[in-house]
Amino acid sequence: MYLKTQVKSSQARYNKSSIGKEWSRYLLYMFLILYPITEGFSNDSFPIGNLFVVALLVFLWIIETLRDRRLFITHSSIVLFALSFWTIASFFWSTDQDKTISRIMSLIPIVLVYLIIIDLVRSVAALHRFLYSYCIGAIILALTAVFNIINGVRYEGLYNRFSAIGYDPNNFGIFIMSSVPLFDYLIQTSKPNSLWYSWAYYIFCLSLALSTGSRGAIICGAIVSLYMLFLRINILKNSKLIIKNMILMLMAIYSLYFLTQYFIPPEALERFSNQIVSSADDSRASIWQESYTLWNNHWLIGIGANTTSSNTVSDTQAHNTFISSFSELGLIGGTLWLIAWIAHIIYAIRIYKTRPNLSISLTIAIACVMIGALTLNWEARKPLYIVWAAAASSISIYRRREGYVFDDELAI
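Rendered as structure tokens:
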């Protein structure tokens, strides 16, 4: 999926690409920190405050790109550009053009942010600031969930579900769990002797994920738990760190037990167990069946982006981005969506030899957002594209340092 070219001056190009466009880079960090909380106080997927920041970010980025006369893209950038173009084109044959416009207005800004991240995050320091910004945004949002739990503010008045302010419990739970492996990577890199930070953040996020009563969030919690309990031990090469990690693990398990007894509402856990026992996926399966029928009848170009709910008896979205991509955008759009996923998974895996801790952390984060893509309508959710961009930027940075170019530099 990459352009693999040996260049003699790769290190010089790497150093040169790490400077410039500072204003755009700082504005990008600010967007990553603020968008979760501003989105929570709005009913729109892209509230006006975020649109203003993105518009300013795009404007500054264009100005600085023209000044530096240099732009970096990856092959995944081209795939997402093609997917965006096809989404826009689907407006002309859409069965509900208003809903297609809504999808376009949500997708285009975050794809632009993705392209900007690829261009701006060109050094290890920039990558770490980028990941810190993502985690800080998750922490700020998580604190609003703590406020809701303490004050007994339930999601839409439901007795057994809690969430952050303005967030669907499923989206919130998956988002914060995707930040845990990235936060752990940052701690391993900057403060390897302070692993208790990682365990504290893990317990904090897992407790909130359990309080949502979301199956998707709890599945993400299970994936991240496997990472924290087993996979990360292979990364810690120092025997003292491994022993310390095992002690912290036992303390974390006890803390989680304490929280489930006295902090997390038991109704949230009961909701999850009842859904397993009652096989509550029957309704979801019927939605998928209807979506498959739509694709079977419009297999090449689909029925238009974001129009599944307008063409099904259930009057709801597919809650599976892979199914909805094929039914709404046809074989062409669905294939582009699959290629985008495959590309970013490969990106995360291929840096294992260079940075195993980052590779595993990114893979787990991608697995979390994939749960959102498999169970929710995450075609244009920001955490998904931000985690993708982290994977694409990481391989560009570390493989470039080895003397290989895994992106294209355009002279403007």
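Residue numbers for the sequence shown follow this note's numbering, so the first one is 951 and each next one is one higher.
Ideal Cβ placement from N, Cα and C applies to all residues, glycine included.
Rounded to the nearest angstrom, how far is the Cβ of residue 1264 from that of residue 1236, given a contact under 8 Å? Yes, they are in contact, since the Cβ atoms of residue 1264 and residue 1236 sit about 7 Å apart, within 8 Å.
Beta strand (DSSP E) containing residue 1020: first to last residue? Counting along the chain, the beta strand (DSSP E) containing residue 1020 begins and ends at 1020 to 1023.
To the nearest angstrom, report how far apart residue 1135 and residue 1307 are at their CA atoms. Distance from the CA atom of residue 1135 to the CA atom of residue 1307, rounded to whole angstroms, is 6 Å.
Spatial distance of residue 1149 from residue 1179 (CA atoms): Here the alpha carbon of residue 1149 sits roughly 10 Å from the alpha carbon of residue 1179.
Using alpha carbons as the reference points, say which of 1055, 1144, 1123 and 1147 lies closest to residue 1156. Closest option to residue 1156, Cα to Cα, is 1123.
Can you list, in chain order, the residues of its chain whose CB lies under 6 Å from that of residue 1328, leaving out five sequence neighbours each side? Excluding positions up to five away in sequence, the list reads 1271, 1322 and 1334.
For a test of the three-state rule: what should DSSP assign to residue 1229, helix, strand or coil? Only weak support exists for where residue 1229 lies, its pLDDT of 48 falling under 50; the value from the coordinates is given anyway. Three-state result, residue 1229: coil.
Grouping DSSP H, G and I as helix and E and B as strand, with all else coil, what is residue 1138? Three-state DSSP puts residue 1138 in a helix.
Where does residue 1305 sit, in a helix, a strand or coil, going by DSSP? In this structure, residue 1305 counts as coil in the three-state DSSP scheme.
Thinking residue 1044 and residue 1254 are a contact (beta carbons under 8 Å), I'd like their distance in whole angstroms, please. About 3 Å separates the Cβ atoms of residue 1044 and residue 1254, confirming a contact at the 8 Å cut-off.
Within 10 angstroms of the Cβ of residue 1107, are there 16 or more other Cβ atoms? Answer buried if so, exposed if not. Exposed, since its Cβ has fewer than 16 Cβ neighbours within 10 Å.
Is it buried or exposed for residue 1048, if we count other Cβ within 10 angstroms and need 16 for buried? Burial check for residue 1048: the Cβ neighbour count within 10 Å stays below 16, so the residue is exposed.
Tell me the DSSP secondary structure of residue 1078 in three-state form. In the structure shown, residue 1078 sits in a helix (DSSP, three-state: H, G or I).
For residue 1280, does the count of other Cβ atoms within 10 angstroms reach 16, so buried, or fall short, so exposed? Buried is the call here.
Taking C-beta to C-beta, are residue 1086 and residue 983 nearer than 8 Å? Contact: yes.
Report yes if the C-beta distance between residue 1077 and residue 1299 is below 8 Å; otherwise report no. Contact: no.
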